[in-house]
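Below is one structure; the comments refer to it alone.
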Amino acid sequence: MQRHGTPMRYEFVDNIEHFAPHAFTGDQGTGLFRAHSHGTDEITLILEGEGYYSSNDQNVQVRAGDLLLIPPDILHGFVCLKAWEGISIHYNSQSIPSYCQHLLQQAYRQHPNQMLISRLNGTHFERVKAAMQQVEEECVSERMNENAYSQDLIRNALEAILLTYLANAPAPSEQANESEDSDELMIQDVLKEIHMTYFTSLKIADLAARRFHSESIFRKKFTKRVGVSPKQYIITVRLNEAKRLLRLTDKPVEFIASEVGFTSSSRFFALFIKHVGKTPLEWRNEK
1 MQRHGTPMRY EFVDNIEHFA PHAFTGDQGT GLFRAHSHGT DEITLILEGE
51 GYYSSNDQNV QVRAGDLLLI PPDILHGFVC LKAWEGISIH YNSQSIPSYC
101 QHLLQQAYRQ HPNQMLISRL NGTHFERVKA AMQQVEEECV SERMNENAYS
151 QDLIRNALEA ILLTYLANAP APSEQANESE DSDELMIQDV LKEIHMTYFT
201 SLKIADLAAR RFHSESIFRK KFTKRVGVSP KQYIITVRLN EAKRLLRLTD
251 KPVEFIASEV GFTSSSRFFA LFIKHVGKTP LEWRNEK
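In the UniProt record's numbering, the protein residues as written are 1 to 287.
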C-alpha cells in the first residue's frame with residue numbers, strides 16, 4: 001500500500017497518512033501483508049475499495065466505510081484487494097483531551113489489545129470523513145499557533161470520530177452475569193461523568209447518590225473495578241488535563257488550576273509536585 005503523509009503541528013497528532021489508489025494482482029501472494037507496529041494509536045477510515053487487515057490472531061476484511069482503531073505496539077499488516085483509498089491518523093492517546101480518553105478507553109475495554117472495527121454508512125460515514133479532514137486541516141493550518149479555537153475544533157472532531165465508532169461498534173461477545181454487568185455499567189457511567197465534568201466541584205457523595213448507592217459502597221465498587229479511589233481518579237484526570245494545557249497553551253498556571261477544577265492554587269501546586277515531582281512551571285519549561 002502506498003501512502004503519503006502530512007507533517008503535523010499539533011501536540012498529540014503524530015502524522016496523518018493518505019492511501020494512494022492501488023490494487024495488487026493475485027499472483028503476488030501473501031507477501032503483501034507488510035507487518036509493522038508503531039508506538040502511537042491509529043484511526044483509519046477506508047474511503048474506497050477493499051482489502052484485509054491482519055494481526056497475530058485477527059484477519060479482518062475491510063471495505064469502504066469501515067473505521068478501524070488500532071492500539072499502539074500491535075503488530076499488524078494489510079493487503080489491498082480492490083483499489084482502495086483511505087486516511088489514517090496516528091496520535092498519542094495519553095495526550096488527547098479528557099473526554100476523548102474516556103471514549104477511547106470505552107472502545108478498548110470491549111476487546112483489549114485487538115484491532116477494532118466499526119462498519120459505517122450514510123451520515124455516520126460522512127461525519128467521520130469530515131471530522132478526519134477537519135483534524136488534518138487544523139493540524140497543518142498556519143492558524144494553529146494563533147487561533148485558540150483550532151484546538152477546540154480538533155477536540156470536537158476527535159470526539160465525533162470516537163463517538164461514531166462506539167455508536168456502530170459490535171456488541172461484546174461475552175456478557176457478565178446480571179449483577180456484575182449492572183455494576184460495570186454504573187462504573188462506566190461514573191467515569192463518563194467524571195471525564196465530562198472534572199472541572200466542576202465534583203463530590204463523591206453526589207456521584208454515589210445519583211446511582212442510589214451509599215458513599216461507602218460506591219467507593220468500594222469503584223476502587224475494586226478501577227484500581228484507585230474515586231477521589232484519586234478525579235485528581236489524576238485533573239492533573240493530566242492540567243499537563244495538557246501547560247504544554248499546549250501559555251495560560252497562567254493559576255488560571256489552569258482553576259480551569260481543571262482546583263479551587264485552591266496551593267492545593268494544585270502541592271498535588272502537582274506530589275504526582276509529577278516538579279512544579280507546574282518547571283514541568284512546562286522542560287517541555
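Virtual Cβ for every residue (Gly too), placed ideally from N, Cα, C.
In this text, all values refer to a predicted model and were calculated from it rather than measured experimentally.
message: Once the 5 residues before and after F12 are set aside, which same chain residues still bring their CB inside 7 Å of it?
response: Taken in chain order, the residues that qualify are Y91, N92, S95 and I96.
query: Distance, Cα to Cα, Q28 vs I117?
result: Reliability fails at Q28, whose pLDDT of 46 lies under 50, so the model's placement of it is uncertain and the value that follows must be treated cautiously. Roughly 27 Å between the two C-alpha positions.
- prompt: So what does DSSP say about T279, is it helix, strand or coil?
  reply: DSSP places T279 in coil when its eight states are reduced to three.
query: Which stretch, first to last residue, makes up the alpha helix (DSSP H) that contains N15?
result: From DSSP, N15 is part of no alpha helix (DSSP H) but of the beta strand (DSSP E) over V13 to F19.
- request: Would you mind reading off the limits of the beta strand (DSSP E) that contains F223?
  value: Contrary to the premise, residue 223 reads as Thr rather than Phe in this sequence. Segment E215 to V226 is the alpha helix (DSSP H) holding T223; no beta strand (DSSP E) there.
- prompt: Alpha carbon to alpha carbon, how far is L45 from G65?
  reply: When only Cα atoms are considered, L45 and G65 end up about 7 Å apart.
task: May I have the straight-line CA-CA distance separating S214 from A205, to the nearest angstrom?
output: Cα to Cα, the separation comes out at about 8 Å.
Close beta carbons around D41, own chain, < 8 Å, minus the five adjacent residues each side: For D41, where only same-chain residues beyond five positions count, the Cβ hits under 8 Å are L69, I70, P71, P72, H90, Y91, N92, S93 and L104.
- prompt: Identify the residues that DSSP records as bridge partners of I70: which are they?
  reply: For I70, which the question treats as bridged, DSSP gives the partners E42.
Residues near R284 in its chain [Cβ-Cβ closer than 6 Å; skip 5 each side]: Excluding its 5 nearest sequence neighbours in each direction, R284 has C-beta neighbours in its own chain below 6 Å: L246, listed in chain order.
field: Element boundaries [alpha helix (DSSP H), containing S118]
entry: It is not in any alpha helix (DSSP H) - S118 instead sits in the beta strand (DSSP E) that spans L116 to R119.
- prompt: Taking the DSSP output, what are the residues bridged to E48?
  reply: Beta-bridge pairing links E48 to E85.
task: Please go through the same chain and pick out, in chain order, the residues whose beta-carbon is closer than 6 Å to the beta-carbon of L202, but skip the five residues on each side of it.
output: Correct list, in chain order: I234.
task: Using the DSSP secondary-structure output, state which residues sit across from F78 in a beta bridge.
output: Note: F78 sits in a beta bridge opposite Y53.
message: Can you give me the C-alpha to C-alpha distance between G26 and M115, rounded to a whole angstrom?
response: Residue confidence is low: G26 scores 44 on pLDDT, short of 50, so the model does not pin down where it sits. No coordinate-derived value is stated.
- prompt: How about S229 and R219: do their beta carbons lie closer than 8 Å?
  reply: Yes, the Cβ-Cβ distance between S229 and R219 is below 8 Å.
message: From the DSSP secondary-structure annotation, give me the bridge partner or partners of H90.
response: DSSP lists N15 and E42 as the beta-bridge partner residues of H90.
query: K192 and H124: beta carbons closer than 8 Å?
result: Using a Cβ distance threshold of 8 Å, K192 and H124 do not count as a contacting pair.
CA nearest to the CA of L158, picked from A171, V135, A167 and L166: Here the closest residue by C-alpha is V135.
- prompt: Are the C-beta atoms of G65 and some chain B residue less than 8 Å apart?
  reply: In the structure shown, chain B cannot be found, because there is only a single protein chain.
field: Straight-line Cα distance separating V260 from T200
entry: Each residue's Cα considered, the two are about 8 Å apart.
task: Find the nearest neighbour of R109 within the set A131, C139, P170 and D152, judged by alpha-carbon distance.
output: Measuring from the Cα of R109, the nearest candidate turns out to be P170.
- prompt: Quick one: what's N59 bridged to in DSSP?
  reply: DSSP lists S54 as partners of N59.
message: Counting C-beta neighbours from all protein chains within 10 Å, is the total for L120 16 or more, i.e. buried, or is it exposed?
response: Burial of L120 is indicated by the presence of at least 16 other C-beta atoms within 10 angstroms of its C-beta.
Beta-carbon proximity of E48 to L81, cut-off 8 Å: No, they are not a contact pair.
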